[in-house]
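In our numbering, the protein residues as written are 686 to 745.
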């Protein structure tokens with residue numbers, strides 16, 4: 686192993702998230718250099734139900 690080892694870890698799918706998700710971790714010189722978490726949830730367009738109404742009418 687060299688002192689300048691570089692590798693990436695990608696987790697394409699995460700369990701227990703709303704929609705789908707993934708994690709991307711970059712490790713450089715034995716230390717975490719970058720972490721990115723992406724949650725991909727398709728639009729559900731709930732705002733269309735509230736068009737022309739008060740925000741107080743939205744359900745909890």
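The beta-carbon is built from N, C-alpha and C at its ideal position, and this holds for glycine as well.
If contacts are defined as beta-carbon pairs under 8 Å, then residue 726 and residue 697 qualify, I think. What distance do you get, rounded to the angstrom?
For the purposes of this step, residue 726 is taken as the residue at position 41 of the chain shown. For the purposes of this step, residue 697 is taken as the residue at position 12 of the chain shown. Going by Cβ atoms, the distance from residue 726 to residue 697 rounds to 16 Å, so no, they are not a contact pair.
Residue 693 to residue 706, Cα distance in whole Å?
Position 8 of the chain shown, counting from 1, holds the residue named residue 693. Position 21 of the chain shown, counting from 1, holds the residue named residue 706. Answer to the nearest angstrom: the Cα atoms are 17 Å apart.
Under a three-way DSSP split, which group does residue 721 fall into?
Residue numbering aside, residue 721 sits at position 36 when the chain shown is read from its first letter. If DSSP states are grouped into helix, strand and coil, residue 721 belongs with the strands.
Determine the DSSP secondary structure at residue 692, reduced to helix, strand or coil.
On the chain shown, position 7 is the one that residue 692 refers to. Residue 692: strand per DSSP, three-state reduction.
For the beta strand (DSSP E) that contains residue 711, what are its first and last residues?
On the chain shown, position 26 is the one that residue 711 refers to. Where residue 711 is concerned, the enclosing beta strand (DSSP E) stretches over 705 to 713.
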